[in-house]
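Worksheet: one structure, shown below.
2 protein chains.
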Amino acid sequence: MEQNLSLFYGLSFLTAALAFAYAVYLYLWVKKQPTKNAKIQEVAALIKQGANTFMRREYLILAKFAGVAAVIIFILLPSPIWSGNILSNVEMTVAYILGTALSAVAGKIGIMVATHSNSRAAEAAKKGIEPAFLVGFRGGAVMGLLVVGCSLLGVAAVLMVVGDTSIILGFSFGASSLALFAKAGGGIFTKTADVSADLTGKVELGIPEDDPRNPAVIADNVGDNVGDVAGMGADLFDSNVAAMASALVIAQSLSGGEYNNISMVFCYAILGLLSSIIGIANARIGRNGNPTHALNMSTYVTTGIFLVLTAIATAVFDGFSWRIWGASTVGLIVGVIIGITTDYFTDDSKPIVRKVAHASQSGPAFTVLSGVSYGFISALPAMVGIAISALLAYKICEPMGEGYAIFGISMAAVGMLSIVGMIISNDAYGPIVDNARGLAEMGNLGEETIRTADELDSAGNTVKAVTKGFSIGAAGLTVISLLGAFMSEANESLAEAGKELITGFDIMEPTVFFGILIGAAIPAVFSAMLILGVDKNAQRMVGEIHRQFNSIPGLREGKKGAKPEYGKCIDIATSGALKELIPAGLMSILSTMVVGFIGGPKAIGGFLLGNIVSGLLLALFMSNAGGLWDNSKKYVESGAEGGKGSEAHKAAVIGDTVGDPFKDTAGPSINTQITVVSLVSSLMSSIFVAISLFS
Amino acid sequence: MEQNLSLFYGLSFLTAALAFAYAVYLYLWVKKQPTKNAKIQEVAALIKQGANTFMRREYLILAKFAGVAAVIIFILLPSPIWSGNILSNVEMTVAYILGTALSAVAGKIGIMVATHSNSRAAEAAKKGIEPAFLVGFRGGAVMGLLVVGCSLLGVAAVLMVVGDTSIILGFSFGASSLALFAKAGGGIFTKTADVSADLTGKVELGIPEDDPRNPAVIADNVGDNVGDVAGMGADLFDSNVAAMASALVIAQSLSGGEYNNISMVFCYAILGLLSSIIGIANARIGRNGNPTHALNMSTYVTTGIFLVLTAIATAVFDGFSWRIWGASTVGLIVGVIIGITTDYFTDDSKPIVRKVAHASQSGPAFTVLSGVSYGFISALPAMVGIAISALLAYKICEPMGEGYAIFGISMAAVGMLSIVGMIISNDAYGPIVDNARGLAEMGNLGEETIRTADELDSAGNTVKAVTKGFSIGAAGLTVISLLGAFMSEANESLAEAGKELITGFDIMEPTVFFGILIGAAIPAVFSAMLILGVDKNAQRMVGEIHRQFNSIPGLREGKKGAKPEYGKCIDIATSGALKELIPAGLMSILSTMVVGFIGGPKAIGGFLLGNIVSGLLLALFMSNAGGLWDNSKKYVESGAEGGKGSEAHKAAVIGDTVGDPFKDTAGPSINTQITVVSLVSSLMSSIFVAISLFS
C-alpha cells in the first residue's frame with residue numbers, strides 16, 4: 000500500500016461531494032430564475048419532452064446492450080470464468096455496470112438542468128447580457144461538476160474496494176459504451192434534425208432558422224441538448240475516466256518504488272476538480288462585457304489555479320515528483336495552445352474563416368474545397384502539439400526509472416484533462432444559449448433580446464472550438480497511455496502463459512504493420528458510417544417535413560392554429576439515430592477482434608497506433624472544418640460577401656450543411672471509438688495471447 | 000558478383016531496346032492514320048501548342064530546381080564532400096540528373112504522341128469504335144513502353160557502372176523530383192482549367208462541355224494531356240524506379256548468400272516489361288466490342304503471362320527462389336483485387352455511384368456528404384489488401400534467412416508494378432480519347448461519332464479507377480520497402496559512426512511516436528496546399544473567362560469570327576500551377592529535415608510510417624471519392640434522377656467539381672510526396688545520424 004493512499008481516497012470522496020453540493024446549489028439558483036412567457040414555456044416543455052423521449056429510448060437500448068456486454072464480461076474477463084478466479088469476473092462486471100450507470104446519471108441530470116436553463120436564459124436576455132450569461136453558464140456548470148464528480152467518485156470507489164487497477168478498465172469500458180451511444184447516437188440525432196430543418200426551412204422555404212412552422216424545429220433544439228450536453232458530457236466522462244484508468248494501470252505496475260504513483264494520480268484529479276469549482280464560482284462577465292472573453296478567462300484562471308495547487312501538493316507530499324508535475328504541466332499548456340490554434344482556424348475575426356467565406360462567391364464547390372483544405376491544415380498544429388507534449392513528458396519522466404516515461408505521458412493526459420470540469424461547463428453553456436436564442440425568437444421577445452441571445456450563442460460557438468481542440472488533444476495523449484496500459488495488460492497475460500514478454504511494437508514486424516494499416520482505416524470507415532447514418536436519417540425526416548407541409552392546411556403560410564406535428568420528427572430522429580449507430584460501433588469492436596485473432600497482441604498494438612493516428616487526424620479535420628464552415632456562414636450572414644440571400648450565402652449554407660455531421664457527429668465520436676477500441680484490446684489481451692493465427 | 004548478373008544487365012538493355020523499337024513502330028502507325036478535318040486540325044494544333052508551352056515552362060523551372068538540388072547532392076550526398084569519397088558524390092549527382100532527364104524525355108515524347116493521337120482517334124471514330132480504340136490505345140502504349148523502358152535502362156545502366164545500389168536512390172530521387180513537378184504541377188494545371196471551364200461554361204452559361212466559345216476549353220484539353228499523360232507517366236516512372244531501387248538496396252545488403260537477389264530483381268522487371276509488350280500487341284476490341292472489357296482483358300492477360308514467365312525463370316535460373324515468386328505473385332494478385340474493389344466504388348453500373356446520384360436529389364450537401372463517406376469506406380479494402388499482401392510476402396520469405404522478409408515485401412511491390420507498362424497504356428488511353436471526344440464535338444463530326452467517342456471516353460474513366468487503385472497499392476508496398484531501405488542506409492551510417500544499429504522502430508519509443516504523429520499530418524497538409532492551389536488558380540482563370548465574355552463582342556452568342564483568347568487561359572494555368580506547387584513540395588522536404596534533426600533516424604522511421612499510413616488513406620479516399628462523383632454526374636447525365644438540367648444534376652455537378660482536384664491533383668500526388676520524403680530520408684540518413692537533438 001502506498002503512503003497516504005487512504006487519505007487521497009477520502010479526499011476524492013470529499014471533493015466529489017463538494018462538487019455535487021455546489022451543483023445542487025447552482026441548479027436551485029437556476030430554477031429560481033423567472034420564466035413567465037407562456038409561448039416560451041410551451042416550447043421549452045416540448046423540448047424537454049423530446050429530450051426525455053430520446054434519452055429514455057437511448058437508455059433502454061443501452062441497457063440491453065450493456066446487459067449483453069455484462070454477461071460476456073462476466074464469462075470472459077479479465078480471464079475466462081472456467082480458468083478460476085470468479086471474484087475478479089464479478090468485480091469486473093459490477094465495475095462495468097457502474098461505469099455505464101454513473102455516466103447515465105450525469106447525462107440525465109445534465110439534460111434536465113439544461114432544459115430548465117434554456118427558457119430562463121431567454122427570459123434573462125431581456126434584462127441584458129450579464130444575467131443571461133450567468134443562467135447559461137451556471138446551467139452548464141451543473142453538468143461539468145456532475146461529470147467530473149461522478150468520474151472521481153467512481154474510480155476511487157472501485158479501486159478502494161477491489162484494489163486492482165485492471166478492474167478500473169472495466170469501469171472505463173462502461174463509460175465508453177455509454178459514450179458511444181450518447182455521443183454518436185446523439186450526434187446522429189442532432190444533425191438529422193439540424194440538417195433537415197435547415198434544408199426545408201432556410202433553403203426551400205426561406206423561413207428563419209427557428210421558425211415554429213417548421214416541424215423539425217423542436218427536434219433541432221432537442222438535438223442541441225442530447226448531442227452537445229448529454230453526448231459531450233458522456234464523451235468527456237469517458238475521456239476523463241480513461242485517462243485516470245490508464246494512468247492507474249501503469250502506476251500500479253510501477254508501485255513499490257520511491258514514488259506514490261497512485262496517490263499522485265488521485266491528487267491531480269482532486270486538484271483539477273477543485274480548480275474547476277473555484278473557476279466556475281468566479282466566472283463573471285461585466286455588464287455589457289464580452290462573453291467569449293469571460294469563458295476563455297475562466298479557463299485560463301482554472302489552469303493557473305491547477306498549476307499552483309499541484310505545485311504545492313508536490314512540495315508538501317512525500318513521494319510526489321516534480322518531474323510528474325512537469326509532465327502534467329506540459330500536457331495542460333499544450334492543451335491550451337491546441338485550443339488557441341483551433342480558434343485561429345474557426346474564429347470569424349481571423350483570416351481563415353473569411354477566406355472560406357470569400358471562396359463561397361465562386362460557388363459551393365469552392366466553399367467545400369477550401370473548407371476541406373483548411374480543415375486538413377488545421378490538424379497540423381494539434382498533431383505537432385500532441386507529438387511534442389508526448390515527447391517532452393516522456394523525456395522529463397524517463398530519469399525516474401523504468402516505465403516512468405509512459406507514466407509521464409499518462410500524467411500529461413491527466414494534466415490536460417484536469418480542467419475538464421471547466422471545459423464541460425463552457426461546452427454545455429453553448430446549447431443552452433443556442434436554445435435560448437431559439438426560444439427568444441419563438442416567444443417574440445423582440446429584436447434586442449434576440450440580439451443579446453445571438454451574442455451569447457456566438458460566444459458558445461467560438462468557445463466550443465477551443466474546448467473541442469482541447470478534448471481531442473487530451474484524447475490523443477490518453478490513448479497513447481492506453482497503448483502503454485495495453486502493453487502492461489498483455490504482458491501480464493504473456494507472463495502467466497509463460498510466453499516471451501512484449502517490449503514494444505516494432506513497425507518493421509509484419510504483424511504490427513498489418514495492424515497499423517487496418518487500424519488506420521477504421522476511424523475513416525466509422526465516421527463514414529455515422530455520416531451516412533445522418534444522411535439516410537435526414538432524408539427520412541425531410542420526407543416527413545414535406546408530408547406535413549403538404550398535408551397540414553395552412554402550415555406553410557403560418558395560419559393561426561395550424562400546428563406541425565413536432566413529435567413525429569423527434570421519433571424519426573430518435574429511432575434512426577439508434578439504428579444507424581449500432582453497425583458502426585459493432586464494426587469497430589469486431590475489427591479489433593479480427594485483427595487480434597489474426598495477428599495477436601503485437602498486431603493489436605499496431606492496430607491501436609493506426610487507429611490513434613488516423614483517428615486524431617480525421618477528428619481534428621472534421622471538427623475544425625465543420626466549425627470553419629459554420630462560422631463562415633455566420634460571417635456571410637453578418638453582411639459580408641453579399642450577406643444573406645446572396646449566392647455566396649447559399650454556397651456558405653451548403654458548406655455549413657456538409658460541416659454539420661463532420662463537427663457534431665463524426666468528428667467528436669472518433670474519440671470515443673478510439674477509446675472503446677483501446678479498452679476492448681486491453682480487456683481482451685489475455686484472449687489474444689491465447690488464440691491467434693500469426694503472432 | 001552474383002551469378003548471371005551480367006546476363007541480366009544485357010537482357011535489361013535488350014528488352015528496353017525492344018520496348019523502344021515497338022514504341023517507334025506504334026508511333027509511326029499512329030502518325031500514318033488520317034486526319035483531314037480542318038477545324039479539328041486547328042484545335043489539335045492549339046492543344047499541342049498549349050501542352051508544349053506548359054511542358055517547356057515546367058521543364059525550365061524543373062531544370063533550375065534540379066540544378067540547385069544537384070549542387071546540394073554533390074556537396075552532401077551520400078556523405079559530405081569533405082569527408083572524403085568525392086567519386087561517390089559525383090556518381091550520385093550524375094545518377095540524380097539522369098533520373099530527372101530520362102523521366103523528362105519519356106514525358107515529353109509521350110505528350111507528343113498523345114497530342115498526335117487525339118485528332119486521329121476523333122477521325123477514326125467516324126469509322127467506328129474499333130479503329131478509334133486502336134488509335135487511342137496504341138497512342139497510350141507508346142507512353143507505357145517508353146516509361147518502363149527508360150526506367151529499366153536507367154536503373155540497369157547506373158548499377159552496372161557504379162556497382163553500388165545506394166547510388167540508385169539518387170537516380171530514383173531524380174525521378175521523384177520530376178514526378179513531383181509533373182504530377183502535382185500537371186494536376187493543378189489540369190484541374191484549374193477543368194474546374195474553370197465547367198463553372199463558367201456548363202454552370203453559368205449552360206453551354207456544352209467542349210464548346211469552342213469557352214476560352215478555357217483548350218486549356219482543359221491541354222490539361223488532360225499534361226496531367227494524365229505526362230504527369231501520370233512521371234508518377235509511375237517514379238514508383239517503378241523506387242520499387243526497383245528499394246528492392247536493390249535490400250538485395251545488396253543480403254548478397255553473398257545462396258540467392259541471386261539482384262538478378263532476381265532485374266529478371267522480374269525484364270519479364271514484366273516483356274509481358275506488357277505481349278499484352279499491348281494483343282489488345283483487341285471486336286467490331287462493336289466493349290472497350291472497358293478490352294482494356295481490362297489486356298491487363299489480365301499481361302498478369303497471366305507475367306506469372307507464367309516468372310515461374311519459368313524461377314525454375315530455370317540458379318539462385319532464384321519460389322518464395323520470391325510467391326511474394327511477387329501475392330503482390331500482383333492483390334493489385335488486381337484492389338483494382339476490382341476500386342471499380343466497385345466508382346463504376347456507374349454498381350450501387351455506390353447510383354446511391355450518390357440518388358442523394359443528389361436532396362441537394363449538393365448530400366452529394367458531398369455521401370461521396371466523402373463512401374470515399375472513406377472505399378479505402379478499407381485497399382488498406383486491408385496492402386496489409387495482407389505485406390504480411391503474406393513477409394511470412395513467405397522469412398524462412399529464406401535474415402532480412403529476406405523485407406526483401407519479400409519489396410518483391411511484392413516489384414510484382415505489383417511489373418505490369419506497369421500495361422497500366423500506363425490503359426491510363427494514357429484515357430486523355431487521348433477524352434480529347435478525341437472534345438475534338439469530335441468541336442469539329443462537328445456528328446452525333447454518331449460523338450457517341451462513339453463518348454463510349455471510348457467512358458471506358459477510359461472506368462479503367463482509370465482500376466489503374467489508380469493499382470498504382471496506389473503498389474506505392475504502398477514500395478514505400479514499406481523504402482522504409483526497409485532507409486533502415487539499411489541508416490545502419491550503414493550508424494556502423495560507420497560506431498553507434499548502435501537500429502533493429503526496428505518501436506512505437507513505444509517517444510522519438511518514433513513523435514515522428515509518426517507529424518508524419519501523418521504531412522500528406523493532409525500537402526494535399527490541402529495543392530487543392531488550395533487549384534482553388535486560387537481557378538479563381539484567377541474564372542476572372543479571365545468572365546473578362547473575355549464581357550469584352551470580346553459576340554463571343555457569348557457564338558457569332559462567327561468572335562474568337563476567345565485561349566492562350567491567356569493556358570498562361571494562367573501554367574504559371575499558377577508552378578507557383579502553387581513549390582511551397583507544397585518544400586513543406587514536405589523541410590518537415591522531413593526538421594523531424595530528422597529533432598529526433599534522428601528513429602524519428603524518421605516513425606515519420607515515414609505516419610506518412611505512409613495517412614498518405615495511403617487520403618490518396619485512396621481522394622481518388623475514389625473523386626471518381627465516384629465524376630461517374631455519379633455522368634450517371635445523372637445519362638438520364639437518371641431527373642437527368643440533365645435537373646436539381647439533382649446541378650448537385651452532381653458540384654460534387655464532380657469538388658472531386659476534380661481530389662482525384663486528379665491531390666490524390667495521385669500523395670504517392671509522389673511519400674516517395675520523395677522516403678528518398679530524402681534515405682539519402683540524408685548519414686546526416687541525421689550525425690546531427691540530431693533527441694536521438
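So the sequence lines, in the order shown, correspond to chains A and B.
When you line the first sequence up against numbering that gives the first Met the number 0, it's residues 0 to 694, in that order.
When you line the second sequence up against numbering that gives the first Met the number 0, it's residues 0 to 694, in that order.
Every residue gets a Cβ at the ideal spot worked out from N, C-alpha and C, and that includes glycine.
Quick one: residues in its chain with C-beta nearer than 7 angstroms to the C-beta of residue i, no 5 flanking neighbours on either side, listed in chain order?
{"i": "Trp-28(B)", "result": "Arg-137"}
State buried or exposed for residue i, treating a residue as buried only when at least 16 other CB atoms are found within 10 Å of its CB.
{"i": "Leu-577(B)", "result": "buried"}
{"i": "Leu-212(A)", "result": "In the sequence as displayed, the identity of residue 212(A) is Arg instead of Leu. Under this definition Arg-212(A) is a buried residue."}
{"i": "Trp-321(A)", "result": "exposed"}
{"i": "Gly-692(B)", "result": "For the record, residue 692(B) in the displayed sequence is Leu; it is not Gly. By the neighbour-count rule (16 or more Cβ atoms within 10 Å), Leu-692(B) is not buried but exposed."}
{"i": "Gly-553(A)", "result": "exposed"}
{"i": "Thr-199(A)", "result": "buried"}
{"i": "Leu-272(B)", "result": "buried"}
{"i": "Ile-166(A)", "result": "buried"}
{"i": "Leu-481(A)", "result": "buried"}
{"i": "Val-524(A)", "result": "buried"}
{"i": "Ile-249(B)", "result": "buried"}
{"i": "Ala-218(B)", "result": "buried"}
Can you list, in chain order, the residues of its chain whose CB lies under 6 angstroms from that of residue i, leaving out five sequence neighbours each side?
{"i": "Asn-36(A)", "result": "Gly-442"}
{"i": "Met-683(B)", "result": "none"}
{"i": "Trp-628(B)", "result": "Gly-370, Gly-654, Asp-655, Gly-658"}
{"i": "Ala-650(A)", "result": "Ser-359, Gly-362, Pro-363, Thr-366"}
What does residue i reach in chain B if we use C-beta pairs closer than 7 angstroms?
{"i": "Pro-600(A)", "result": "The contacting residues do not exist; Pro-600(A) stays about 13 angstroms from chain B at best."}
{"i": "Tyr-710(A)", "result": "Here chain A covers residues 0 to 694 and nothing more, so residue 710(A) does not appear."}
{"i": "Val-465(A)", "result": "Under the 7 angstroms cutoff, chain B gives no residues; its nearest Cβ is about 20 angstroms from Val-465(A)."}
{"i": "Ala-201(A)", "result": "Residue identity differs from the one stated: residue 201(A) is Lys in this sequence, not Ala. Here the premise fails: no neighbours, minimum Cβ distance about 12 angstroms."}
Check the Cβ of residue i against every Cβ in chain A and list those closer than 9 angstroms, keeping chain order.
{"i": "Gly-604(B)", "result": "Ile-506, Met-507"}
{"i": "Val-541(B)", "result": "Ser-361"}
Contact check, residue i vs residue j under 8 angstroms by CB: the rounded distance?
{"i": "Thr-366(A)", "j": "Ala-358(A)", "result": "6 angstroms"}
{"i": "Met-507(A)", "j": "Phe-606(B)", "result": "With a Cβ gap of about 15 angstroms, Met-507(A) and Phe-606(B) do not count as contacting."}
{"i": "Ala-68(A)", "j": "Ser-176(A)", "result": "6 angstroms"}
{"i": "Gly-575(A)", "j": "Ile-187(A)", "result": "7 angstroms"}
{"i": "Asn-630(B)", "j": "Val-202(B)", "result": "The pair is not a contact, with the Cβ atoms about 19 angstroms apart (cut-off 8 angstroms)."}
Please work out which residues of its chain come closer than 8 angstroms, Cβ to Cβ, to residue i, disregarding the five sequence neighbours upstream and downstream, and give them in chain order.
{"i": "Met-54(A)", "result": "Gly-106, Lys-107, Ile-110, Val-225, Ala-229"}
{"i": "Leu-253(B)", "result": "Asn-260, Gly-400, Gly-402, Tyr-403, Phe-406"}
Using a C-beta to C-beta distance shorter than 8 angstroms, which residues of chain A count as neighbours of residue i?
{"i": "Val-355(B)", "result": "Under the 8 angstroms cutoff, chain A gives no residues; its nearest Cβ is about 10 angstroms from Val-355(B)."}
Closer than 8 angstroms by beta-carbon distance: list the chain B residues that pair up with residue i, in chain order.
{"i": "Pro-582(A)", "result": "Per Cβ cutoff of 8 angstroms: no residues; Pro-582(A) is ~12 angstroms from chain B at best."}
Is there contact here, the segment 187-198 of chain B with the segment 39-47 of chain B, by at least three beta-carbon pairs under 8 angstroms?
Three or more Cβ pairs closer than 8 angstroms define a contact, and the segment 187-198 of chain B falls short of that threshold against the segment 39-47 of chain B.
Sufficient close CB pairs (3 or more, under 8 angstroms) joining the segment 278-292 of chain A to the segment 126-134 of chain A
Flag = yes, the segment 278-292 of chain A and the segment 126-134 of chain A touch.
Counting pairs of beta carbons, one from the segment 658-669 of chain B and one from the segment 175-188 of chain B, are three or more of them closer than 8 angstroms?
Because the criterion of three Cβ pairs below 8 angstroms is met, the segment 658-669 of chain B and the segment 175-188 of chain B touch.
Taking 8 angstroms as the cut-off, does the segment 675-683 of chain B touch the segment 584-597 of chain B (at least 3 CB pairs, one atom from each stretch)?
Flag = yes, the segment 584-597 of chain B and the segment 675-683 of chain B touch.
Quick one: any contact between the segment 435-454 of chain B and the segment 204-218 of chain B, if contact means 3 or more CB pairs under 8 angstroms?
Output reads yes: the segment 204-218 of chain B touches the segment 435-454 of chain B.
For the segment 536-548 of chain B against the segment 558-575 of chain B, are there 3 or more C-beta pairs whose distance is under 8 angstroms?
Touching, yes.
Should the segment 253-263 of chain A be called in touch with the segment 215-233 of chain A, which here means at least 3 C-beta pairs below 8 angstroms?
The segment 253-263 of chain A, when compared against the segment 215-233 of chain A, does not touch it at the 8 angstroms Cβ threshold.
Hey, is the segment 374-383 of chain B in contact with the segment 621-637 of chain B, meaning 3+ C-beta pairs nearer than 8 angstroms?
Short answer: they touch.
Under 8 angstroms: do the segment 465-483 of chain B and the segment 331-344 of chain B share three or more Cβ pairs, one atom per stretch?
Output reads yes: the segment 331-344 of chain B touches the segment 465-483 of chain B.
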